[in-house]
Amino acid sequence: MKTGWSLAIVVAASIWAAPAHASGGLFCEPVGKSGGPSLNLSMTRGDPGGIFGATLDDGGNSRTTMGEGAPLTLVQAWIDDHYLFVDIADADMMHYVARLRAKRARIDGALGAVGTLEYDGKKHAVRCGES
């Protein structure tokens, strides 16, 4: 009888704990004195995991790829143990608005990324950490 209750508690605990690790994100912010835009990536974890949304903020305007009528479109995104690539276009997918190219790296003890975020014709150095 003790074993049955123990098993029930373990199963219940794992069910309630699972959603906490099901999603997360990366926040890419400019480094250096020149500043630049920031990019917040929404992700699912696990296998398969991936990037399902992004919010781009240029300091005066914040736009997203998520929701009906979103002003931006997440054209493609790639994340693995080595690289992080994201392409964002306007809603009609006629012009690229932002492109992230980064290599995965340890940042503050967690796996993040460092690279460039191309926006408005300029490349900005960025550092991406868990959000």
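In this note's numbering, the protein residues as written are -13 to 117.
Note that CB positions come from ideal geometry on N, CA and C, so glycine has one too.
- By the neighbour-count criterion, in which 16 or more other beta carbons inside 10 Å mark a residue as buried, S48 falls on the exposed side.
- Look at S28 here: in three-state DSSP terms it is strand.
- Contact between the region 50 to 57 and the region 85 to 105 is not established, with fewer than three Cβ pairs separated by less than 8 Å.
- By the beta-carbon neighbour count (other beta carbons within 10 angstroms, threshold 16), M79 is exposed.
- Here E54 is not bridged, per DSSP, to any residue.
- For D43, DSSP records a beta bridge to S24, S48.
- When secondary structure is reduced to three states using DSSP, V17 falls in the coil class, being assigned neither helix nor strand.
- Residue burial is scored here from C-beta neighbours: G22 has at least 16 other C-beta atoms within 10 angstroms and is therefore classed as buried.
- Sixteen is the threshold: when 16 or more other Cβ atoms of the shown chains lie within 10 Å of the Cβ of H110, as they do, the residue is buried.
- For the options S9, L27, K89, G11, the alpha carbon positioned closest to that of L60 is the one of L27.
- Note on G101: 16 or more other CB atoms within 10 angstroms of its CB, so buried under the neighbour-count rule.
- Residue burial annotation: Y82 is exposed, with fewer than 16 other C-beta atoms found within 10 angstroms of its C-beta.
- The bridge partners DSSP lists for G35 come to none.
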